[in-house]
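Numbering (our numbering), first residue to last: 41 to 500. All residues carry an ideal CB built from backbone N, CA and C; glycine is no exception. First up is the structure itself, then whatever we jot down about it.
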Amino acid sequence: MTETPLVLSAVACFLKRASRRALPIRFGWPAFLLLLMLLKPLDADDSTSDSTKQPVDYMIVITGGELLAGAYADGHTHFLTRTFRPLGLRCVGSMSVDDKENDINAALRFASGKAPLIIVTGGLGPTDNDITRETLSEYTGIALREHHDVLEAMKRRFKVPRDKIRSNLRRQTRVPTRGTYLKNANGTAVGLVFEQTDSVIVALPGPPRELQTMVQEELVPYLSRRFGTRLPGCSLTLRFVGLGQSQVDQTLKDHVPLPADITLASQFEGGRVDFTFSLPDDTPEDRARLNDLKQKISQHLGDYLYAFDGTSLEQHVVSLLEKRGATLALAEVGSGGSLAAGITDTDGADAVLAVAYVAPTEDRLRRLLCVPDDKWKNALANDEKTRRLAAAAAESTTSEWTVAVGDVRQGANSERYVEVVLRLPDGGLESQRIGLRGTGQYARSRLTTRLLDLLRRRLK
41 MTETPLVLSA
51 VACFLKRASR
61 RALPIRFGWP
71 AFLLLLMLLK
81 PLDADDSTSD
91 STKQPVDYMI
101 VITGGELLAG
111 AYADGHTHFL
121 TRTFRPLGLR
131 CVGSMSVDDK
141 ENDINAALRF
151 ASGKAPLIIV
161 TGGLGPTDND
171 ITRETLSEYT
181 GIALREHHDV
191 LEAMKRRFKV
201 PRDKIRSNLR
211 RQTRVPTRGT
221 YLKNANGTAV
231 GLVFEQTDSV
241 IVALPGPPRE
251 LQTMVQEELV
261 PYLSRRFGTR
271 LPGCSLTLRF
281 VGLGQSQVDQ
291 TLKDHVPLPA
301 DITLASQFEG
311 GRVDFTFSLP
321 DDTPEDRARL
331 NDLKQKISQH
341 LGDYLYAFDG
351 TSLEQHVVSL
361 LEKRGATLAL
371 AEVGSGGSLA
381 AGITDTDGAD
391 AVLAVAYVAP
401 TEDRLRRLLC
411 VPDDKWKNAL
421 ANDEKTRRLA
431 AAAAESTTSE
441 WTVAVGDVRQ
451 GANSERYVEV
461 VLRLPDGGLE
471 SQRIGLRGTG
481 QYARSRLTTR
491 LLDLLRRRLK
């Protein structure tokens, strides 16, 4: 029994590393399943560790008027659901409400009718509108009391005697008398756990830096002890590029009809489409069914598939370059360096990305690349200028592959486009005009996807 906290800490550490790499939590399942198997014999007499139990449902309540005003996007739901799924916890809903007592109470009443576990975020700070602590105390009937250890931690943090701690900060040391608290490694607001007879309400701080560390290091071990661990069902994620959700969906309906017990979810962003197929159980037969499904879909849409797991399009392109032992040079104007930024954030990029030149205009870029004035003036056509940029970037590093993106231009029908040139290892140059849809970050994200897909198709 004394070894259990060590195993739970290992689980939390695993989840923390997965989150930092921005990969789906199911990535690296063998290591995680080993940790889950270790939990059973260490606590064999504890019925709550029975992995055959049904998943524990939970609801998420995000508090904050700034979310409803559109000032910030809710990132907590995505993080929490990804983190809790490997524990066998199932999210049945998420809602955002204002920092008002009536609104929070209404959300709690609704959530308590849906799940035995409620996760509330935000409203634990020192300001007057941080009312989550008091609201949850009144709702549950569980009193709050100043906790000696929390007060001592705050005293050490600010290096002042306890009687010098401001009252608005000192209220953050009050925790439930029935339940526990969660340490905050990156702030002053501890998390709160209100334990009722048949339900649990957890309050987490709103800042992502505080919330995420607290969840990984404090809440995950608590939930494992409180509810036990349960294996989730198996799932398969197929990642597509170069076609839309509707095209994938229609292909499935026409050629690969899904059995009723397979749950389908899809996500479209920046010209990339993810389709996730899930089964409620995780048996060899279930995994074989999903593998068979993967093969059937690949027969019809294989040209657009770039990953069967959490691999990003950037990671896929980097891996293709690594397999060839090749390097890449970039010269960007119209894409604003977004292609270089995406590749640079990928593991292994330092081995394949030789150089990236970024400038606001083609003229400034050609000066950066030392393209002679006479050669530049003789390049009358727009694609010819982009060709000169690609050749110069390749010569500067002797890279096998080069992508050059020209200025954003406007065509005859007011459509916006960029000229793109791909320089091949044999010195050949391929030109392509890519139209731009939308504006700002949306247009740039889609353009980056098109550029990566262009590389993917030539490298595979």
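Within the DSSP bridge table, the entry for Tyr98 names Cys131 and Leu157 as partners. Look at the beta carbons and you see the segment 324-339 not touching the segment 350-357: under three pairs across the two are nearer than 8 Å. In the structure shown, Phe267 adopts helical secondary structure according to DSSP, grouped into three states. Rounded to whole angstroms, the Cβ separation of Ala229 and Leu184 is 13 Å, and the two are not in contact under 8 Å. Beta-bridge partners of Pro216 (DSSP): Leu184. For the pair Ala380 and Arg428, the Cα-to-Cα distance works out to about 19 Å.
Tyr482 sits exposed, since fewer than 16 C-beta atoms from the chains shown fall within 10 Å of its C-beta.
Pairing Pro272 with Phe124, the inter-Cα distance amounts to about 10 Å. Going by DSSP, Gln450 is part of the beta strand (DSSP E) stretching over Trp441 to Gln450. Considering only Thr489, Val242 and Leu345, the residue with the shortest C-alpha distance to Thr161 is Val242. The Cβ neighbour count for His118, taken over all protein chains shown within 10 Å, is under 16; the residue is labelled exposed. For Asp385, same chain residues with a beta-carbon under 8 Å away, outside a window of 5 residues either side, are Glu354 in chain order. Lys223 has its alpha-carbon roughly 13 Å from the corresponding atom of Arg249. By the Cβ neighbour-count rule, Leu464 is exposed, with fewer than 16 other Cβ atoms within 10 Å of its own. The continuous beta strand (DSSP E) containing Arg312 extends over residues Arg312 to Ser318. Between Thr438 and the set Ala394, Leu127, Gln252 and Glu402, the nearest pair of CA atoms involves Ala394.
Per DSSP, Ala396 is one residue of the beta strand (DSSP E) stretching across Leu393 to Val398. Per DSSP, reduced to three states, the secondary structure at Arg196 is helical. Taking a contact as a CB-CB distance under 8 Å, the pair Leu278 and Ile159 does not count as one, their CB atoms being some 30 Å apart. Looking at the backbone, the Cα of Gln94 and that of Gly128 are separated by about 8 Å. Note that the C-beta distance between Leu361 and Val392 is below 7 Å. Beta-bridge pairing by DSSP links Val242 to Ile159 and Val233.
A residue is called buried when at least 16 other Cβ atoms come within 10 angstroms of its Cβ; His116 meets this threshold and is buried. In terms of Cα proximity to Ile171, the closest of Ser286, Lys425, Pro201 and Asp139 is Asp139.
According to DSSP, residue pairing for Thr175 in a beta bridge does not occur. Excluding its 5 nearest sequence neighbours in each direction, Glu402 has C-beta neighbours in its own chain below 8 Å: Val373, Lys425, Thr426, Leu429, Gly446 and Asp447, listed in chain order.
For the pair Ile144 and Thr167, the CB atoms are not nearer than the 7 Å cut-off. Under the 8 Å Cβ criterion, the segment 179-193 counts as touching the segment 211-225, having at least three qualifying pairs. If you keep only unbroken alpha helix (DSSP H) runs of at least 4 residues inside the segment 327-393, you get 353-364, 378-384 and 389-392.
Per DSSP, the continuous beta strand (DSSP E) segment holding Gly475 begins and ends at Leu469 to Leu476. The criterion of a C-beta distance shorter than 7 Å is not satisfied by Thr323 and Phe234. By the 16-neighbour rule on beta-carbons within 10 angstroms, Ala328 is exposed. One alpha carbon belongs to Gln290, the other to Tyr346, and they sit about 19 Å apart. Assignment of Val296 by DSSP, reduced to helix, strand and coil, places it in the coil class.
Comparing C-alpha distances from Leu409 to each of Asp390, Gly219, Asp423 and Ala434 shows the shortest one belongs to Ala434. Residue state for Arg279 is assigned as strand, using DSSP reduced to three classes.
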